[in-house]
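See below:
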C-alpha cells in the first residue's frame with residue numbers, strides 16, 4: 001500500500017528523536033557533574049597532601065620502621081583487588097577498561113600461584129566478575145556517583161580488616177585517574193601495604209631540622225594516622241574515578257546524540273523520497289484511472305490528446321478540433 | 001599565625017588567629033604565636049580558633065591530628081564541623097539515642113557516639 005514505507009520511517013524518526021532527547025539530557029547532566037566532581041577532587045587535595053606531610057615528619061622523627069601497614073610480607077599467598085567502576089553503564093568504555101585491567105593483573109598473580117580476593121566498588125564491576133564465575137568477597141554500590149568520605153572509609157575498613165587478619169597479603173587498587181576532560185588513564189596500583197618510598201621519598205635534608213614535640217609517641221600517632229592515610233588515598237581514587245566516569249559518560253552521550261542527529265537526517269531524507277514516490281505513484285494512478293474511465297465512456301478516443309490538451313493548448317484550433 | 005582546619009572533603013577554616021585551643025591526646029592544649037613544632041593526635045572535642053579582637057570560631061572535631069610548624073597550625077580531621085554547620089536537632093536525637101543505649105549494655109562505639117553528640121551540642125551552646 002502506498003504510504004506504508006513512509007509511515008514506518010516516520011515512526012523510526014520519532015523513536016530516534018526521543019532517544020536523542022534522553023542522550024542529550026544525560027550528556028548535559030554529566031557535563032555539570034564533571035565540574036562538581038573536579039571541584040571535589042581539588043577540595044580533597046589539601047587533606048591528603050597534609051596527611052602525607054605529617055607522615056613524612058613522623059618518619060623523620062623515627063616512627064614506623066616496623067608498622068604492619070608499612071611492612072611487606074615475605075610470602076604473598078593471596079592478593080586483594082579493589083576495583084572502582086561505576087554503578088551504571090552508558091559510559092563508553094569506562095567500566096570495561098578498568099575491569100579488564102584489574103582482571104589482567106589478577107591473572108598475572110594467579111599465574112604465580114597466588115589466590116585472589118575481590119572487593120568491588122560499583123555494580124558493573126560486580127556484575128562482570130560474578131558473571132564470569134569469580135569469587136567476589138565484597139561489593140559496595142551506590143557510592144560512585146558522588147563518593148563521600150564515609151564511603152571511602154567503609155571500603156578501606158574492609159580492606160584493612162582483611163589485611164590485618166592475614167587474609168590477604170597485598171592489595172591492589174584499580175581505578176581510573178582523571179587527568180583532564182579529554183584524558184583519563186586506568187591505574188592499577190598497590191594499596192596496602194603502603195609503599196614506604198611513596199611517603200619518605202622526598203626526605204629532604206635541606207629543610208629545617210624538625211625537632212617536633214610529639215604527643216603521644218610518634219609510633220602511637222602513626223598507628224592512628226596510617227589508616228587515615230589509606231582512607232584518604234582511597235577517597236582520592238574514588239573521586240578521580242567519579243570524575244572520569246562522568247567525563248566518559250558525557251563523551252559517550254555526546255557521540256550518541258550526534259549519531260542520533262545524523263540518523264534523523266538520513267531517515268528524513270529517505271522518508272521525503274518515499275513520500276514523493278508515493279505522491280507520484282498516486283498521481284499517475286489517478287491520471288491513469290481517469291483516463292481509463294473516460295476512454296471507456298467515450299469509446300476508444302484518447303482523453304488527453306484528443307480532448308483536454310488540444311483544446312487547452314491550442315485555442316486557435318478550437319474550431320478545427322472540436323467536433 | 002595561620003590556622004587551617006582541613007577535612008578530607010574540603011578546607012573548613014583557613015585564616016589568621018591568635019590562639020588555638022584543642023583537645024590533644026594528653027589533655028587540652030593551646031597554641032600561641034611561635035609555638036615550638038608540635039605533632040599530635042586530636043581527641044574528640046571542641047576546637048576553638050580565637051582571632052584578633054576576641055572573635056572566635058568553634059568546630060566540633062571527632063578525632064584527627066594537629067601539626068604546628070613555622071607559625072602554622074594545621075588540624076586534620078576526617079570528621080569535623082564548624083559550629084554553624086551542626087545540625088542541632090540531629091545531634092540531640094543522636095544524644096538521646098546514645099543515652100538510651102548506654103542504660104543497657106554499651107560498647108565503645110556507643111560511648112564514642114555519645115561523646116560526638118555532646119561535642120556537637122557543646123560547640124553550638126558554648
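Residue numbers (our numbering), protein chains in the order written: chain A, 1 to 323; chain B, 1 to 126.
Don't be surprised by glycine CBs; every beta carbon is placed ideally from N, CA and C.
- Secondary structure in the stretch 14–39 of chain B: the beta strand (DSSP E) runs of 3 residues or longer, each lying completely within the stretch, are 19–24 and 27–32 in chain order.
- Contacts with chain A at 9 Å (Cβ-Cβ) do not include residue 49 (chain B).
- Rounded to the nearest whole angstrom, the C-alpha separation of residue 43 (chain B) and residue 78 (chain B) is 12 Å.
- Only residues of its own chain outside the window of five on either side were considered, and among them 69, 156, 159, 160, 191, 192 and 194 have a CB closer than 8 Å to the CB of residue 230 (chain A), listed in chain order.
- Between the C-alpha atoms of residue 121 (chain B) and residue 143 (chain A) there is a straight-line separation of about 29 Å.
- Taking the Cα positions, residue 95 (chain A) is about 7 Å away from residue 124 (chain A).
- Along the stretch 114–162 of chain A, the beta strand (DSSP E) occurs as fully enclosed runs of 3 or more residues at 115–121 and 136–140, listed in sequence order.
- Remark: C-beta atoms of residue 39 (chain B) and residue 51 (chain A) do not approach each other more closely than 9 Å.
- Non-local beta-carbon contacts of residue 31 (chain A) in its own chain, meaning distances under 7 Å to residues more than five positions away in sequence, involve 250 in chain order.
- Annotated as distal: residue 256 (chain A) and residue 34 (chain A), with beta-carbon spacing of 9 Å or more.
- Taking 8 Å as the cut-off between beta carbons, the residues of the stretch 40–52 of chain A near chain B are 40, 43, 44, 46, 47, 48, 50 and 51, in sequence order.
- Among the CB atoms of chain B, none fall inside 9 Å of the CB of residue 36 (chain A).
- Put simply, of A:47, A:46 and A:66 the residue whose alpha carbon is nearest the alpha carbon of residue 220 (chain A) is A:66.
- The criterion of a C-beta distance shorter than 9 Å is not satisfied by residue 119 (chain B) and residue 73 (chain B).
- Note that the C-beta distance between residue 20 (chain B) and residue 30 (chain B) is below 9 Å.
- Listed along chain B is no residue with a C-beta nearer than 7 Å to that of residue 60 (chain A); the closest approach is about 10 Å.
- Interface criterion not met: the Cβ of residue 178 (chain A) is under 9 Å from no Cβ in chain B.
- Looking at the DSSP output, residue 80 (chain B) shares a beta bridge with B:61.
- Burial state of residue 32 (chain B) is exposed, judged by a 10 Å Cβ sphere holding fewer than 16 other Cβ atoms.
- When DSSP states are grouped into helix, strand and coil, residue 75 (chain A) belongs to the coil group.
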